[in-house]
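Shown next, in C-alpha cells, is the structure this report addresses.
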Amino acid sequence: MNLILLGPPGAGKGTQAQLLKDRHGLVQLSTGDMLRAAVAAGSELGRQVKSIMEAGALVPDDIIIRMIGERIAQPDCAAGFILDGFPRTTVQAEALDKLLAEKGMKLDRVIELEVDDAALVARISGRFSCTACGAGYHDSYKKPAKPGVCDVCGGTKFNRRDDDKAETVKARLEAYHRQTAPLLPYYKARGVLGTVDGMASIEKVAGAVEKLLNSGLSS
Ligand code: AP5
7 MNLILLGPPG
17 AGKGTQAQLL
27 KDRHGLVQLS
37 TGDMLRAAVA
47 AGSELGRQVK
57 SIMEAGALVP
67 DDIIIRMIGE
77 RIAQPDCAAG
87 FILDGFPRTT
97 VQAEALDKLL
107 AEKGMKLDRV
117 IELEVDDAAL
127 VARISGRFSC
137 TACGAGYHDS
147 YKKPAKPGVC
157 DVCGGTKFNR
167 RDDDKAETVK
177 ARLEAYHRQT
187 APLLPYYKAR
197 GVLGTVDGMA
207 SIEKVAGAVE
217 KLLNSGLSS
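Residue numbers (this note's numbering): 7 to 225.
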C-alpha cells in the first residue's frame with residue numbers, strides 16, 4: 007500500500023504517519039525529516055536548504071525530486087510507503103506519477119488532514135520531540151506519560167524545531183495555501199483523495215484514516 011498524507015504544517019501528518027507505520031508495517035518517508043537530517047549533518051544538501059527552511063519557504067523541486075527518487079528506489083520501500091510532506095507542488099506530483107509508473111508501482115490513497123489555520127499555530131508552537139529517537143510530543147495534546155522522559159526510548163533531552171517560530175509558521179502556511187493546496191483537485195480528479203477531519207483527537211483522526219483506507223473511494 008502506497009499512501010500520501012497531505013495537509014498544512016502541523017496538521018498531524020507526522021503523527022499519523024508514525025501510527026500507520028506501526029499498524030501496517032509501511033515505511034515513513036518524510037521529506038522534512040530527511041532535509042533536517044541533512045542540515046544537522048552539515049552535508050552539501052544541508053547547506054543548500056538550511057536558509058530556505060528557516061524562512062519557511064519550499065526547497066526547489068529538483069532537489070526534492072532527486073532525494074525522494076533515491077529513497078523510493080531502496081528495497082524497504084517495495085513493501086509500501088507513506089509519503090509525509092511530499093509532494094508539495096504540482097511539479098513534484100507529476101514527477102511522483104512518473105517515478106511510480108517507471109517502477110510499476112501505484113498510489114493507493116491520498117489522505118488530506120483538514121485543520122483550521124488557528125489550530126495549526128497552537129499545535130506547532132507546542133510541539134517538541136525527543137532528541138534521541140525523534141518521538142513527537144506536544145505541551146498540551148501529547149505529553150510524555152512521565153514528565154521529562156520519552157515514552158519510547160526513555161531519553162530525557164527534547165528539542166524544538168528552528169522553523170516553528172511564529173513568523174516562520176505564517177510563511178509555511180502561506181506556502182501551503184499557494185503551492186500545495188492545488189494538489190487536492192489534482193488527486194480528487196484521479197479518484198484517490200479522501201479527506202479526514204484533522205481537528206479531532208489524534209486517536210479519532212487515526213480511526214478515520216483507517217476507515218478511509220478500508221473504503222472504496224469515488225472517482
Ligand atoms: P515538514 O517537516 O514536512 O513540515 P510541515 O509540512 O510544515 O509539517 P509539520 O512537520 O510541521 O507538521 P505535521 O503535519 O507533520 O504535524 P505533526 O504530526 O508534527 O517540512 C519542513 C520544511 O521542509 C518545509 O517548510 C520546507 O522548507 C521543507 N520541505 C519539506 N518537504 C518539502 C517538499 N516536498 N518540497 C519542498 N520543501 C519541502 O503535529 C504537530 C503537533 O500537533 C504535534 O505536537 C502533535 O503532537 C500535535 N497533533 C497532531 N495531531 C493532533 C491532533 N489530532 N490533535 C491535537 N494535536 C495534534
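Idealized CB from N, CA, C, for every residue including glycine.
All values reported here derive from a predicted model rather than from experimental measurement.
What's the call for GLU180, buried or exposed, on a 16-neighbour Cβ count within 10 Å? In the sequence shown, counting from the first residue as 1, residue 180 sits at position 174. Classification of GLU180: exposed, given that the 10 Å Cβ count is below 16.
Determine whether the beta carbon atoms of PHE92 and PHE134 lie at a separation below 7 Å. Against the sequence shown, residue 92 aligns to sequence position 86. Against the sequence shown, residue 134 aligns to sequence position 128. It is not a contact, given that the beta carbons lie outside the stated cut-off.
Considering only residues of the same chain and omitting the five flanking positions on each side of SER221, which have a CB-CB separation below 6 Å? By 1-based counting over the sequence shown, the position of residue 221 is 215. When the five nearest sequence neighbours on each side are left out, no beta carbon in the same chain lies closer than 6 Å to the beta carbon of SER221.
What are the start and end residues of the beta strand (DSSP E) that includes HIS287? The displayed coordinates of the chain run from 7 to 225. Any statement about residue 287 would go beyond what the structure contains.
Roughly how many whole angstroms lie between the Cα atoms of PRO14 and VAL121? Looking up residue 14 in the sequence shown gives position 8. Looking up residue 121 in the sequence shown gives position 115. CA-to-CA, the gap between PRO14 and VAL121 works out to about 8 Å.
Do you know offhand how far ASP114's Cα is from TYR147's? What you label residue 114 is simply residue 108 of the sequence shown in a count that begins at 1. What you label residue 147 is simply residue 141 of the sequence shown in a count that begins at 1. Cα to Cα, the separation comes out at about 30 Å.
Thinking just about the alpha-carbon of each residue, which of ALA23, MET40, LEU41 is nearest to the one in GLN34? Walking along the sequence shown from the start, residue 34 turns up at place 28. When each option's Cα is compared against that of GLN34, the closest is ALA23.
Quick one: is the Cβ of LEU89 within less than 6 Å of any heavy atom of ligand 1? Taking the first residue of the sequence shown as position 1, residue 89 is located at position 83. Flag unset: Cβ of LEU89 not near ligand 1.
Would you say the region 164 to 175 touches the region 57 to 64, given that touching needs at least three Cβ pairs under 8 Å? Contact between the region 164 to 175 and the region 57 to 64 is present: 3 or more CB-CB pairs across the two stretches fall below 8 Å.
Is the beta carbon of LYS148 within less than 6 Å of some heavy atom of ligand 1? Your numbering for residue 148 matches position 142 in the sequence shown. Indeed, a heavy atom of ligand 1 lies less than 6 Å from the Cβ.
DSSP three-state label for GLN34, please. Counted from its first residue, the sequence shown places residue 34 at position 28. GLN34 falls in the strand class under three-state DSSP.
To the nearest angstrom, how far is it from the Cα of LYS104 to the Cα of VAL155? In the sequence shown, residue 104 corresponds to position 98, counting from 1. In the sequence shown, residue 155 corresponds to position 149, counting from 1. A straight-line Cα-Cα distance of about 44 Å links LYS104 and VAL155.
By Cβ distance below 7 Å, which residues in the same chain neighbour LEU102 in space, the five residues on each side in sequence not counted? Position 96 of the sequence shown, counted from the start, is the residue given in the question as residue 102. Within the same chain, Cβ atoms closer than 7 Å to the Cβ of LEU102 are found at PRO93, the five residues on either side in sequence being excluded.
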